[in-house]
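S.K.: Before I ask anything, here is the structure I am working with.
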Amino acid sequence: AQKVTQAQTEISVVEKEDVTLDCVYETRDTTYYLFWYKQPPSGELVFLIRRNSFDEQNEISGRYSWNFQKSTSSFNFTITASQVVDSAVYFCALLPLGGGGNKLTFGTGTQLKVEL
Amino acid sequence: SAVISQKPSRDICQRGTSLTIQCQVDSQVTMMFWYRQQPGQSLTLIATANQGSEATYESGFVIDKFPISRPNLTFSTLTVSNLSPEDSSIYLCSVEEVGRPLSGNTIYFGEGSWLTVV
């Protein structure tokens with residue numbers, strides 16, 4: 026069975042602060058994908074990044090960066106110099122490539138509030 | 142990336158009625174999925190919409206309550222039948238886009254359909 030844990034239910038920061046959203050996962054599959062999605066108040070789920078299990082390179086995209094550590098089964102997401110527009114719920118998700126039938130398992134989400 | 146359009150974006154329905162949600166993709170995709178997100182909760186997979194055959198439902202979801210159609214590789218509908226207030230949720234369509242070898246597949250979501258049952 027797959028499991029994704031986002032222990033932080035809600036985080037509040039002041040604009041321009043850096044913030045890290047934690048994600049820990051469990052899977053028996055040796056090959057899998059990890060995703061981060063952003064869900065603003067409007068409700069749509071915006072794809073942010075996909076990471077393959079065999080690629081542990083960290084990635085930076087503008088103010089966003091992701092730290093994938095297979096040894097600790099973590100895939101953390103950092104927003105640098107946060108902005109009010111970053112306020113949203115962020116979901117981490119796991120897609121195993123074994124017999125799981127291509128089913129995404131989501132974490133419970135982290136509500137990020139960025140205030141002026 | 143695949144562009145996914147859902148209709149309606151929002152609706153308020155009377156209990157006992159049904160609502161059909163449409164999902165249109167701008168490219169042919171093999172895998173289409175329907176998720177439910179209850180208020181303040183994470184996403185739960187309802188079913189995989191299979192083209193040309195019956196949908197594959199997850200535990201706790203049945204065809205009588207959530208009939209799904211998938212007439213072709215770019216379109217699917219989800220009907221939520223015999224509505225009750227507990228069905229008030231966001232319903233999201235998603236597709237799996239096949240990437241390049243060693244690059245991997247990505248799953249994209251539509252804008253969601255907000256359903257309120259009164």
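Chains A and B, in that order, are what the protein sequence lines are.
All letters in the first sequence, in the order written, are residues 26 to 141 by my numbering.
All letters in the second sequence, in the order written, are residues 142 to 259 by my numbering.
Note that beta-carbon positions come from the ideal geometry of N, C-alpha and C, so glycine has one too.
1. Please say whether residue 239/B and residue 143/B have beta carbons closer to each other than 8 Å?
2. Using only the alpha-carbon positions, how far apart do residue 227/B and residue 195/B sit?
3. As a quick exercise: from 42/A, 32/A and 85/A, pick the residue whose alpha carbon is nearest that of residue 49/A.
4. Exposed or buried, which one is residue 129/A when buried takes at least 16 other CB atoms within 10 Å?
5. What three-state label does DSSP hand residue 152/B in the structure shown?
6. Would you mind telling me which residues of chain B sit closer than 9 Å to residue 133/A, beta carbon to beta carbon, in chain order?
7. Please report how far the alpha carbon of residue 181/B lies from the alpha carbon of residue 68/A, in whole angstroms.
8. Kindly list, in the order they appear in chain B, the residues whose Cβ is closer than 7 Å to that of residue 88/A.
9. For residue 78/A, which of 61/A, 98/A and 105/A has the nearest alpha-carbon?
10. What is the rounded straight-line gap between the Cα of residue 214/B and the Cα of residue 169/B?
11. With 9 Å as the C-beta to C-beta threshold (strictly closer), list the residues of the region 55 to 67 of chain A near chain B in chain order.
12. What does DSSP give as the partner residue(s) for residue 86/A in the beta ladder?
13. Do three or more CB pairs link the region 215 to 226 of chain B to the region 156 to 169 of chain B at distances below 8 Å?
M.R.: The relevant details are as follows:
1. On the second sequence, residue 143/B is found 2 positions in, with the first residue counted as 1. On the second sequence, residue 239/B is found 98 positions in, with the first residue counted as 1. Contact flag unset, no.
2. Position 86 of the second sequence holds residue 227/B. Position 54 of the second sequence holds residue 195/B. CA-to-CA, the gap between residue 227/B and residue 195/B works out to about 25 Å.
3. Indexing the first sequence from 1 puts residue 49/A at position 24. Among 42/A, 32/A and 85/A, the Cα nearest to that of residue 49/A is on 32/A.
4. Here residue 129/A is taken as the residue at index 104 of the first sequence, counted from 1. The residue in question, residue 129/A, is buried, as its Cβ has 16 or more Cβ neighbours within 10 Å.
5. Taking the first residue of the second sequence as 1, we reach residue 152/B at position 11. Correct three-state label for residue 152/B: strand.
6. Taking the first sequence and counting its residues from 1, one reaches residue 133/A at position 108. Within chain B, the residues near residue 133/A are 182 and 183.
7. Along the second sequence, read from residue 1 onward, the residue named residue 181/B stands at position 40. Along the first sequence, read from residue 1 onward, the residue named residue 68/A stands at position 43. In this structure, the alpha-carbon of residue 181/B lies about 11 Å from that of residue 68/A.
8. Within the first sequence, the letter at position 63 stands for residue 88/A. Going along chain B, no residue has its Cβ under 7 Å from residue 88/A, so there is no contact; the nearest lies around 20 Å.
9. Here residue 78/A refers to the residue found at position 53 when the first sequence is read from its first residue. Checking every option, the nearest Cα to that of residue 78/A belongs to 98/A.
10. On the second sequence, residue 214/B is found 73 positions in, with the first residue counted as 1. On the second sequence, residue 169/B is found 28 positions in, with the first residue counted as 1. Straight-line Cα distance between these residues: approximately 5 Å.
11. Legend: CB atoms of the region 55 to 67 of chain A lying less than 9 Å from CB atoms of chain B belong to residues 58, 60, 62, 64 and 67.
12. Here residue 86/A is taken as the residue at index 61 of the first sequence, counted from 1. Beta-bridge partners of residue 86/A (DSSP): 89/A.
13. Yes: the two stretches touch, three or more of their Cβ pairs being nearer than 8 Å.
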